[in-house]
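*Asks:*
Quick look at the structure:
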């Protein structure tokens, strides 16, 4: 249980381990990044909720999940309206990778915001 808590709180440990392992196994850096980011996205969905609550004492419970579902729906609608062959898997891959980028950015900004807040508190 402690290991799961650590991995949810620090999802970039998962990214690093998966990237390193997949790169050693397959010898393909691009596929390793894609695989590691796909798995890490799942952990980031829960990590954002936990880290925002731990750092700012603010409960965002389902907001990351709702945001992810909205992004997936938007990508599916765009794929459907594109006029080309409708490929659900293509739209899901694109949306999942965008969700990774957004959640990773939110995670980093939350940590940076907390550090800046603590520095300001120490200065005053």
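Residue numbers (the working numbering): 165 to 288. From the three backbone atoms N, C-alpha and C, an ideal C-beta is built for every residue, glycine too. Predicted, not measured: the structure shown is a model, and the values here were computed from it.
For residue 239 versus residue 258, is the C-beta spacing smaller than 7 Å?
*Replies:* As a first step, residue 239 must be located in the chain shown, where it is residue number 75. As a first step, residue 258 must be located in the chain shown, where it is residue number 94. With contacts defined as CB atoms closer than 7 Å, residue 239 and residue 258 qualify as a contacting pair.
*Asks:* Less than 7 Å separating the beta-carbons of residue 196 and residue 183?
*Replies:* Along the chain shown, read from residue 1 onward, the residue named residue 196 stands at position 32. Along the chain shown, read from residue 1 onward, the residue named residue 183 stands at position 19. Yes, these two residues count as a Cβ contact at 7 Å.
*Asks:* Would you grab the beta carbon distance between residue 212 and residue 271 for me? Rounded to a whole angstrom, and I think it's under 8 Å.
*Replies:* Start at 1 with the first residue of the chain shown, and residue 212 comes out as number 48. Start at 1 with the first residue of the chain shown, and residue 271 comes out as number 107. Confirmed, about 6 Å.
*Asks:* Rounded to whole angstroms, what is the Cα-Cα separation between residue 301 and residue 281?
*Replies:* Nothing can be reported for residue 301, as the shown portion of the chain is limited to 165 through 288.
*Asks:* Could you have a look at residue 191 and say whether DSSP puts it in helix, strand or coil?
*Replies:* Along the chain shown, one-based indexing puts residue 191 at 27. Residue 191: coil per DSSP, three-state reduction.
*Asks:* If residue 189 sits next to residue 267, beta carbons under 8 Å apart, how far is it from one beta carbon to the other, in whole angstroms?
*Replies:* If you number the chain shown from 1, residue 189 lands on position 25. If you number the chain shown from 1, residue 267 lands on position 103. Actually they do not touch by this definition, with Cβ atoms about 25 Å apart.
*Asks:* Beta-carbon separation of residue 274 and residue 215 under 7 Å?
*Replies:* Translated into positions along the chain shown, residue 274 becomes position 110. Translated into positions along the chain shown, residue 215 becomes position 51. Contact check for residue 274 against residue 215 passes: the beta carbons are separated by less than 7 Å.
*Asks:* State the Cα-Cα distance for the pair residue 286 and residue 222, rounded to the nearest angstrom.
*Replies:* Here residue 286 refers to the residue found at position 122 of the chain shown. Here residue 222 refers to the residue found at position 58 of the chain shown. Roughly 22 Å between the two C-alpha positions.
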